[in-house]
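A quick write-up on the structure given underneath.
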Amino acid sequence: QKEVEQNSGPLSVPEGAIASLNCTYSDRGSQSFFWYRQYSGKSPELIMFIYSNGDKEDGRFTAQLNKASQYVSLLIRDSQPSDSATYLCAGLGSWGKLQFGAGTQVVVTP
Amino acid sequence: KAGVTQTPRYLIKTRGQQVTLSCSPISGHRSVSWYQQTPGQGLQFLFEYFSETQRNKGNFPGRFSGRQFSNSRSEMNVSTLELGDSALYLCASSLEDRSYNEQFFGPGTRLTVL
Numbered sequence: 057q058k059e060v061e062q063n064s065g066p067l068s069v070p071e072g073a074i075a076s077l078n079c080t081y082s083d084r085g086s087q088s089f090f091w092y093r094q095y096s097g098k099s100p101e102l103i104m105f106i107y108s109n110g111d112k113e114d115g116r117f118t119a120q121l122n123k124a125s126q127y128v129s130l131l132i133r134d135s136q137p138s139d140s141a142t143y144l145c146a147g148l149g150s151w152g153k154l155q156f157g158a159g160t161q162v163v164v165t166p
Numbered sequence: 039k040a041g042v043t044q045t046p047r048y049l050i051k052t053r054g055q056q057v058t059l060s061c062s063p064i065s066g067h068r069s070v071s072w073y074q075q076t077p078g079q080g081l082q083f084l085f086e087y088f089s090e091t092q093r094n095k096g097n098f099p100g101r102f103s104g105r106q107f108s109n110s111r112s113e114m115n116v117s118t119l120e121l122g123d124s125a126l127y128l129c130a131s132s133l134e135d136r137s138y139n140e141q142f143f144g145p146g147t148r149l150t151v152l
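Protein chains in written order, with the working numbering: chain S, 57 to 166; chain E, 39 to 152.
Laid out in structure tokens, this is it:
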């Protein structure tokens, strides 16, 4: 079992709709969580990080963390075709290692 | 501020050879981490260096090694290359604060082993 799990997708989202991505983790000692966006053939780009329970908003992106349920999510509001990419969830584990999920592919359709 | 740079960007080697990849972190960043990304395994952590010391290591064989210099630049070496080592090798740098450990990735080195 991977320490960070994500649905691989693809997640098809109509333009203008909300994309909802989910991530679960097994290491209860994980302190911080990160969402990266990776376009095909490119390196991951940091979108947001969250370390406290609750919501954190940045523009069209909202990250949610629930440590009791070991659950992290990312909402993308008003999805645009440029949001089409693979979204990687990562958790900073208790041993100081950043563990990545396999990524969820998002496809925004016009 | 310049981002993370990696050289070379592309590399073709044959089985049995060795390879050295280089990474220059963002100015002021003292931690450098290396990852291997393949379609089947995703992003896998190789190792992390901070102040010239290896601070963490992933589950890779001893053929994979690295080091960090006093200017925070880092190199990783893979000896006795195998076909399965073909991958995108990514370097990421971060400030020394481990609590948040925001990591910023370089463009990667695409290694092909023939």
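Every residue, glycine too, gets a C-beta built ideally from N, C-alpha and C.
Buried or exposed (CB count within 10 angstroms, at least 16 for buried), residue i
i, result
"Ile-74(S)", "exposed"
"Ile-50(E)", "exposed"
"Tyr-95(S)", "exposed"
"Trp-91(S)", "buried"
"Gly-147(S)", "buried"
"Gly-72(S)", "exposed"
"Gln-136(S)", "exposed"
"Tyr-48(E)", "exposed"
"Thr-52(E)", "exposed"
"Leu-152(E)", "exposed"
"Asp-134(S)", "exposed"
"Ala-40(E)", "exposed"
"Gly-157(S)", "buried"
"Thr-147(E)", "buried"
"Thr-160(S)", "buried"
Option in the options with minimal Cα separation from residue i
i, options, result
"Ser-65(E)", "Arg-111(E), Tyr-87(E) and Pro-77(E)", "Arg-111(E)"
"Gly-97(S)", "Leu-133(E), Leu-128(E) and Arg-101(E)", "Leu-128(E)"
"Arg-84(S)", "Gln-155(S), Gly-110(S), Lys-123(S) and Gly-159(S)", "Lys-123(S)"
"Phe-102(E)", "Thr-150(E), Arg-68(E), Thr-52(E) and Phe-83(E)", "Phe-83(E)"
"Pro-70(S)", "Ser-140(S), Phe-105(S) and Lys-153(S)", "Ser-140(S)"
"Arg-116(S)", "Leu-102(S), Leu-131(S) and Ser-108(S)", "Leu-131(S)"
"Gly-172(E)", "Glu-120(E), Leu-126(E), Ser-124(E) and Leu-133(E)", "This structure gives no information on residue 172(E), because the portion of chain E shown stretches from 39 to 152."
"Phe-89(S)", "Arg-133(S), Ser-150(S) and Ser-99(S)", "Ser-150(S)"
"Asn-78(S)", "Thr-165(S), Glu-101(S) and Thr-142(S)", "Thr-142(S)"
"Lys-112(S)", "Glu-101(S), Ser-129(S) and Ser-99(S)", "Ser-129(S)"
"Pro-99(E)", "Pro-145(E), Val-151(E), Glu-134(E) and Thr-118(E)", "Thr-118(E)"
"Leu-102(S)", "Phe-143(E), Arg-93(E) and Gly-104(E)", "Phe-143(E)"
"Glu-86(E)", "Gly-80(E), Asn-94(E) and Gln-79(E)", "Asn-94(E)"
"Ser-71(E)", "Ala-125(E), Phe-88(E) and Val-57(E)", "Phe-88(E)"
"Ser-76(S)", "Gln-155(S), Gly-65(S) and Pro-100(S)", "Gly-65(S)"
"Glu-113(E)", "Glu-90(E), Glu-134(E), Pro-145(E) and Asn-97(E)", "Glu-90(E)"
"Ser-60(E)", "Thr-43(E), Gln-75(E), Arg-68(E) and Thr-76(E)", "Thr-43(E)"
"Glu-140(E)", "Pro-46(E), Gly-122(E) and Arg-68(E)", "Arg-68(E)"
"Ser-108(E)", "Val-116(E), Pro-63(E) and Gly-80(E)", "Pro-63(E)"
Three-state secondary structure assigned by DSSP to residue i
i, result
"Pro-137(S)", "helix"
"Gly-147(S)", "strand"
"Leu-121(E)", "helix"
"Leu-77(S)", "strand"
"Gln-155(S)", "strand"
"Val-42(E)", "coil"
"Arg-84(S)", "coil"
"Ser-96(S)", "coil"
"Gln-55(E)", "coil"
"Leu-102(S)", "strand"
"Glu-59(S)", "coil"
"Glu-134(E)", "coil"
"Ser-60(E)", "strand"
Residue range of the beta strand (DSSP E) that includes residue i
i, result
"Val-128(S)", "127-132"
"Tyr-107(S)", "Unbroken run through Tyr-107(S): none, as it is neither H nor E."
"Ile-50(E)", "48-51"
"Pro-70(S)", "67-70"
"Arg-68(E)", "Run containing Arg-68(E): none; DSSP gives neither H nor E here."
"Ala-119(S)", "117-122"
"Leu-149(E)", "147-151"
"Gln-141(E)", "Looking at the DSSP string, Gln-141(E) is not in any beta strand (DSSP E), and its letter there is neither H nor E."
Interface flag, residue i vs chain A, CB-CB below 8 Å
i, result
"Pro-100(S)", "Absent here is chain A; the protein component of the structure consists of chains S and E."
(request) Tell me the start and end of each unbroken beta strand (DSSP E) in the region 71-131 of chain E that is at least 3 residues and wholly inside, in chain order. (result) 80-88, 91-95, 102-106 and 112-116
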